[in-house]
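Chemist:
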Amino acid sequence: MSDILLHAEAGVMTLTLNRLERKNSITAAMYAALADGLARAREDASVRVVLVQGHETVFSAGNDIGDFLNKPPSGDDSPVFRFLQGIATFPKPLLAAVCGPAVGVGTTMLLHCDLVYAGDNAAFSMPFVNLGLCPEAASSLLLPQMLGYHRAAEALLLGEPFMAEAALEVGLVNRVLPPTEVNGYASAQARKLAAKPITSLVETKRLMKKGQQGAALQQMADEGESFRRLLTSPAAKEAFTAFMEKRRPDFSKV
Ligand code: COA
């Protein structure tokens with residue numbers, strides 16, 4: 006069974022994170038499959054809407070930490086950056102269904118989705134600082150815009166989780182549902198969109214995004230440079246090693 010399941014039906018491409026034994030943490034191969042799926046969806050006229058979903062117990066534990074340690078992404082053409090570019094510039098409606106933990110990119114990718122449906126068990130967190138890293142996916146720009154500076158600073162500097170109701174209040178998610186209903190509801194909404202005129206959907210999304218897209222891509226490039234530098238820093242190495250060794254990191258000497 007693949008770690009990313011791709012299913013296309015009735016104008017909707019569904020990409021399912023399917024690595025439950027590792028809490029749907031995302032490897033380079035998974036980013037590549039997601040980026041390829043988005044590229045196909047962009048070109049294929051029979052795909053009108055894309056839905057990204059996880060399992061009712063977990064959306065994603067973020068980047069695979071073993072990958073961060075052993076084969077960190079090196080350039081703009083690496084799978085993770087291809088995926089981030091793909092979601093930031095995706096022209097058709099992009100939906101997400103999120104239950105359980107949504108860590109790191111599991112939360113930041115939602116800033117590029119048009120509609121987000123969450124289970125009441127959803128827990129969003131961006132613990133980049135706790136890992137010796139910095140924000141990615143233009144979250145350092147888009148999150149302050151969405152939450153206001155102080156709430157964004159709390160989410161990004163402390164990195165503590167916030168729950169579905171708080172995400173609903175700040176507009177990160179559209180609706181909170183029982184976890185068993187989230188994927189089905191998101192899928193029904195995606196089918197509803199897929200029945201609408203695609204040209205109007207694409208034009209409406211373009212008009213809503215055009216004021217912000219250039220700045221988001223610029224921010225992403227800036228973040229990418231810092232992120233790649235920090236990935237090999239002593240603090241990040243200590244954080245990743247501590248995670249693998251199931252202990253608390255000790256940043257006192259880094
Ligand atoms: N990368 C690699 N492996 C991961 C992982 C990740 N991001 N997240 C979880 N796993 C692994 C765990 O090491 C564990 O492996 P094991 O069975 O060999 O011990 C397995 O997945 C199950 O995870 P566990 O932590 O036991 O599940 P949980 O339900 O108690 O907690 C999370 C779930 C998501 C809250 C927790 O796993 C977590 O915080 N993960 C790290 C998140 C993170 O920092 N991601 C990077 C963001 S940039």
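The opening residue of the sequence shown carries number 6 in the working numbering; numbering runs sequentially from there. Built from N, CA and C at the ideal position, the CB exists for glycine as well.
#1: For VAL109, which of LEU56, PHE86, LEU161 and LEU152 has the nearest alpha-carbon?
#2: Take every Cβ of the segment 235-244, pair it with every Cβ of the segment 87-99, and state whether three or more of those distances are shorter than 8 Å.
#3: With distances taken from each beta carbon to the nearest heavy atom of the ligand COA, which residues come in below 5 Å, in chain order?
#4: What residues in its chain sit with their C-beta under 6 Å from that of ASN188, if we drop five residues either side in the sequence?
#5: From which residue to which residue does the alpha helix (DSSP H) around MET35 run?
#6: Would you call the CB atoms of LEU39 and LEU20 closer than 8 Å?
#7: For ASP69, is the classification buried or exposed, using 16 other Cβ atoms within 10 angstroms of its Cβ as the cut-off for buried?
#8: Could you pull the start and end residues of the beta strand (DSSP E) that GLU250 belongs to?
#9: Per DSSP, which residues does HIS12 bridge with? Please list them.
#10: DSSP has TYR190 in a bridge; who is on the other side?
#11: Please state whether DSSP places VAL54 in a helix, a strand or coil.
#12: Below 7 Å CB to CB, which residues in the same chain sit around ALA195 once its five sequence neighbours on both sides are set aside?
#13: Starting from the C-beta of ALA34, find all residues in its chain whose C-beta is less than 8 Å away, skip the five residues before and the five after it, and write them out in chain order.
#14: Where ALA199 and ALA15 are concerned, what is the direct C-alpha to C-alpha distance, given to the nearest angstrom?
#15: Does the distance from the CB of ALA127 to the CB of ALA172 come in under 8 Å?
#16: What is the rounded straight-line gap between the Cα of ALA169 and the Cα of ALA157?
#17: To which residues of the same chain is THR32 closer than 6 Å at the C-beta, ignoring the five residues directly before and after it?
#18: Comparing alpha-carbon positions, which option in LEU182, THR94 and PHE64 lies nearest ALA44?
#19: Which residue's Cα is closest to the Cα of ARG27: THR62, GLY42 and GLY153?
Modeler: This is what the structure gives:
#1: Here residue 109 corresponds to residue number 104 of the sequence shown, with the count starting at 1. Sequence inspection shows Gly at residue 109; the Val mentioned does not correspond to that position. With distances taken between Cα atoms, GLY109 lies closest to LEU161.
#2: no
#3: ARG27, LYS28, SER30, ALA66, GLY67, ASN68, ASP69, ILE70, PRO106, VAL108 and GLY109
#4: Walking along the sequence shown from the start, residue 188 turns up at place 183. Only GLN58 and ALA102 meet the Cβ criterion.
#5: Counting from one through the sequence shown, the residue named residue 35 turns up at place 30. Where MET35 is concerned, the enclosing alpha helix (DSSP H) stretches over 33-48.
#6: Here residue 39 corresponds to residue number 34 of the sequence shown, with the count starting at 1. Here residue 20 corresponds to residue number 15 of the sequence shown, with the count starting at 1. Closer than 8 Å, so yes.
#7: Locating residue 69 in the sequence shown gives position 64, counting from the first residue. Burial call: buried.
#8: Position 245 of the sequence shown, counted from the start, is the residue given in the question as residue 250. Looking at the DSSP string, GLU250 is not in any beta strand (DSSP E), and its letter there is neither H nor E.
#9: Looking up residue 12 in the sequence shown gives position 7. Answer is THR19, bridged to HIS12.
#10: The count along the sequence shown starts at 1 and reaches residue 190 at position 185. Answer is none; TYR190 lacks a bridge partner.
#11: For the purposes of this step, residue 54 is taken as residue 49 along the sequence shown, with counting starting at 1. Three-state result, VAL54: strand.
#12: The residue labelled residue 195 in the question sits at position 190 within the sequence shown. The residues are VAL17, VAL54, LEU56 and LEU100.
#13: Working through the sequence shown from its first residue, we reach residue 34 at position 29. Closer than 8 Å at the Cβ level, and outside the excluded window around ALA34, lie ASP8 and PRO84.
#14: Against the sequence shown, residue 199 aligns to sequence position 194. Against the sequence shown, residue 15 aligns to sequence position 10. Cα to Cα, the separation comes out at about 8 Å.
#15: Numbered from 1 along the sequence shown, position 122 holds the residue referred to as residue 127. Numbered from 1 along the sequence shown, position 167 holds the residue referred to as residue 172. Closer than 8 Å, so yes.
#16: Translated into positions along the sequence shown, residue 169 becomes position 164. Translated into positions along the sequence shown, residue 157 becomes position 152. Roughly 16 Å between the two C-alpha positions.
#17: As a working mapping, residue 32 is identified with position 27 in the sequence shown. Closer than 6 Å at the Cβ level, and outside the excluded window around THR32, lie ASP69 and ASP72.
#18: As a position in the sequence shown, residue 44 is number 39, starting the count at 1. When each option's Cα is compared against that of ALA44, the closest is THR94.
#19: Locating residue 27 in the sequence shown gives position 22, where the first residue counts as 1. The residue with the shortest Cα to Cα distance from ARG27 is THR62.
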